[in-house]
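A quick write-up on the structure given underneath.
In the numbering used here, the protein residues as written are 2 to 192.
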């Protein structure tokens with residue numbers, strides 16, 4: 002099984018990230034090759050980066066960093082669920098990425114983005130620069146959700162249409178391929 006961590010990036014009150022995250026989690030949970038776990042940055046609640054040494058040394062002093070490191074280290078790949086704020090992604094996501102380095106290396110990352118007319122695509126474009134600097138592989142297949150609130154019902158549940166579901170399935174299949182291929186790179190790194 003491929004261990005995927007699904008990271009919900011938004012932490013603001015009233016956010017819709019958990020609704021979108023639950024939707025993609027349900028789809029990923031049905032994939033026969035994926036074991037998925039949700040990591041909600043609002044719940045994890047990392048402070049601003051407070052480690053005295055550079056993350057590349059993996060020599061952490063703070064307990065919250067050690068816990069975050071373990072969560073990320075044990076994964077084979079990621080799905081980042083992010084809104085678009087002012088043509089970019091949320092600051093808590095950048096902070097969470099910056100806390101670590103080696104734990105992200107040689108793992109694929111997929112994106113589920115949501116927003117207005119652009120569907121969060123500008124946030125994802127910025128994220129791709131950051132994740133490649135951390136030796137992650139951003140996969141091309143993604144789920145971009147324009148005008149996402151039209152998919153949220155009165156109870157707050159996100160309901161994807163056929164196009165979004167097909168996009169999600171294609172993205173997950175590609176994520177599995179990359180995770181399998183990159184596992185050899187992680188094995189060589191460890192030796």
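All residues carry an ideal CB built from backbone N, CA and C; glycine is no exception.
Looking at residue j and residue i, is the spacing between their C-beta atoms short of 8 Å?
| i | j | result |
| --- | --- | --- |
| residue 116 | residue 5 | no |
| residue 21 | residue 82 | yes |
| residue 98 | residue 126 | no |
| residue 10 | residue 80 | no |
| residue 138 | residue 110 | yes |
| residue 107 | residue 2 | no |
| residue 85 | residue 119 | yes |
| residue 43 | residue 12 | yes |
Considering residue i, what are the terminal residues of the alpha helix (DSSP H) in which it resides?
| i | result |
| --- | --- |
| residue 124 | 122-134 |
| residue 20 | 18-30 |
Which of the three DSSP states is assigned to residue i in this structure?
| i | result |
| --- | --- |
| residue 119 | coil |
| residue 138 | strand |
| residue 40 | strand |
| residue 11 | coil |
| residue 178 | helix |
| residue 4 | strand |
| residue 168 | helix |
| residue 156 | coil |
Apply the 10 Å Cβ neighbour rule to residue i and answer buried if 16 or more other Cβ atoms are within range, or exposed otherwise.
| i | result |
| --- | --- |
| residue 173 | buried |
| residue 167 | exposed |
| residue 164 | exposed |
| residue 31 | exposed |
| residue 195 | Because the chain spans 2 through 192 in this model, residue 195 falls outside it and cannot be assessed. |
| residue 18 | buried |
| residue 46 | exposed |
| residue 49 | exposed |
| residue 15 | exposed |
Can you tell me where the beta strand (DSSP E) holding residue i begins and where it ends?
| i | result |
| --- | --- |
| residue 146 | 144-147 |
- Task: Go through the region 42-92 residue by residue and report every complete run of the alpha helix (DSSP H) that reaches 4 residues or more, in order.
- Result: 42-45, 64-74
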